[in-house]
Each structure stands twice: as C-alpha cells, then as structure tokens.
Amino acid sequence: MVRALKSTSTTLSLSAITSSGISDRESSQDSLLMQGVQFAYRAHQFAGGLDSETLCAFEEIRQRLPGHIVGSRELLTGPSS
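Written out as structure tokens, the structure reads:
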C-alpha cells in the first residue's frame with residue numbers, strides 16, 4: 003500500500019514538472035486519481051487503521067494536489083467534533 007502511494011506521489015511530481023498548463027483531460031485524470039486515493043484511505047482506515055508511514059504518504063499526496071481535494075484536511079485528521 004505504501005509503495006503504491008509513493009508511486010502515485012512520484013507520478014504527480016513528474017506530471018507537475020512536465021506540464022506547463024493543465025488541460026481538461028489532465029484535470030479529470032487528477033480528479034480520478036484523488037478519488038482513488040481517498041477511497042484507498044477510507045478502506046484502509048476501516049480495515050484496521052493506518053501506520054505512520056502510510057499517513058505520511060497520504061499527506062505527501064495531499065500536499066501535491068491541494069486544490070483538488072476539498073476537505074482534505076478532514077480526510078487525514080477525521081471530522082471535527
């Protein structure tokens with residue numbers, strides 16, 4: 003799981019470096035990627051929690067695409083009470 007998240011993070015870094023502008027297609031791909039990351043986070047959390055290495059990987063991905071994740075802080079920290 004962590005290796006897949008790090009691969010996703012690397013992919014996001016490379017796409018940010020190589021693209022000067024964001025097309026609709028790239029934006030859609032980024033959105034789908036983030037939906038997948040959010041699903042993986044929730045599924046893993048439901049299955050027994052996250053270790054610190056996995057949390058760091060999710061945080062790194064969140065920081066690379068901050069505009070694409072509305073409420074991303076709540077995703078990583080849980081809803082406020």
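Residues 3 to 83 (the numbering used here) make up the sequence shown, in order. Backbone N, C-alpha and C fix where the C-beta goes; we use that ideal spot for every residue, glycine too. If you're wondering where the values come from, they're calculated on a predicted model, not measured in any experiment.
Neighbour-count burial assignment, residue i, 16 or more Cβ in a 10 Å radius
i, result
"Phe48", "exposed"
DSSP-derived helix/strand/coil call for residue i
i, result
"Leu34", "helix"
"Leu57", "helix"
"Arg66", "helix"
"Gly50", "helix"
Sequence-distant residues of the same chain with beta carbon closer than 8 Å to residue i, five excluded per side
i, result
"Leu34", "none"
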